[in-house]
Structures are given as structure tokens and as C-alpha cells.
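Below is one structure, written out as C-alpha cells, with a few remarks after it.
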Amino acid sequence: MNDWSPEVKQRIIQELVPGKQISLAHIICGPQEEMYTKLGLDPTIDYGSAAIGIMTVSPAETAIIMADIAVKAAGVDLGFVDRFAGSLIITGTVSEVEAAVNAVLDYIGGTLGYTICPVTRT
131 MNDWSPEVKQ RIIQELVPGK QISLAHIICG PQEEMYTKLG LDPTIDYGSA
181 AIGIMTVSPA ETAIIMADIA VKAAGVDLGF VDRFAGSLII TGTVSEVEAA
231 VNAVLDYIGG TLGYTICPVT RT
């Protein structure tokens with residue numbers, strides 16, 4: 131009988147050992163109106179120049195700092211800040227969202243020493 135046979139119960143312990151990293155930085159350019167509605171974001175915007183920025187970070191509390199940097203760096207609106215899961219959603223024009231995401235990555239990577247990922251776009 132091996133350790134994985136049905137007769138032996140396995141106990142698995144999972145731990146979260148967060149690093150200091152931004153693991154996702156993505157810009158959605160020209161999202162459809164339905165995307166805003168499904169995400170609970172303000173759908174009353176000019177969709178031709180609109181964008182949604184999505185970032186995830188650990189430790190999760192850093193999302194608060196990221197939100198502060200984003201709104202101060204560009205004319206973006208906060209769509210969602212989750213200080214428990216470490217996610218941030220911002221909205222604005224493509225150039226505003228891009229400027230805000232880059233400002234966040236520069237500060238979090240440069241000043242706080244986090245590992246950052248490249249920015250992706252769709």
C-alpha cells in the first residue's frame with residue numbers, strides 16, 4: 131500500500147507565504163459596456179477612449195498604497211480596492227490608466243523594493 135492509496139487519508143497543510151510582489155498589471159483598452167456593468171463599475175463613460183487597469187499585489191495591504199499613488203498620478207477613478215486579497219481596479223482614459231499603472235509600478239518596485247511584473251494590454 132502506498133501513501134496515495136484510498137485506504138490512507140492524507141493531510142495537506144497549505145500556507146500562504148507572501149512575497150513582496152506585484153503579480154499582475156494589466157490594462158484593458160476600450161472595454162465593452164457590459165464589462166463595466168458586470169464588474170460594478172460606472173458605465174457612464176466614453177467607451178472610445180476608456181480603459182480599465184487591474185493589478186494584484188502581495189502583501190495585500192499594499193493595495194491601499196497603490197490606490198493612493200494611482201489617483202494622485204493621473205485622473206483615474208478607483209473602481210475597487212481589496213486590502214484583503216490585494217487587488218486594485220482603476221478606470222479612466224487609456225493614457226490616464228497607463229500613467230497611473232506605471233506610477234504605481236515605479237514606486238512599489240523602486241521605492242519599496244517589490245518585484246514587479248511587466249504591464250500587459252488587451
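For any residue, its number in the working numbering is found by taking its place in the sequence shown, counting from 1, and adding 130. The beta-carbon is built from N, C-alpha and C at its ideal position, and this holds for glycine as well.
Review point. Among G216, K202, P161, R141, which one has its Cα closest to the Cα of I152?
Key: Cα-wise, what sits closest to I152 is G216.
Check your understanding: Short check: CB of T221 to CB of I182, under 7 angstroms?
Key -> Yes, the pair counts as a contact, with Cβ atoms nearer than the cut-off.
Review point. Under the DSSP definition of a beta bridge, which residues are partnered with L154?
Key: T186
Exercise for review: Please state if the CB of V206 and the CB of V227 are separated by a distance shorter than 7 angstroms.
Suggested key: yes
Review point. Apart from the five residues on each side of it in sequence, which residues of its chain come closer than 7 angstroms, Cβ to Cβ, to A229?
Key: Contacts found: A203, A204.
Review point. Where do the ends of the alpha helix (DSSP H) carrying S179 lie?
Key: Looking at the DSSP string, S179 is not in any alpha helix (DSSP H), and its letter there is neither H nor E.
Point to revise | Cβ neighbour criterion (16 or more within 10 Å) applied to T186 | key: Here T186 is buried. Its C-beta has 16 or more other C-beta atoms within 10 Å.
**Study point:** DSSP state of T252 mapped onto helix, strand, coil
**Key:** coil
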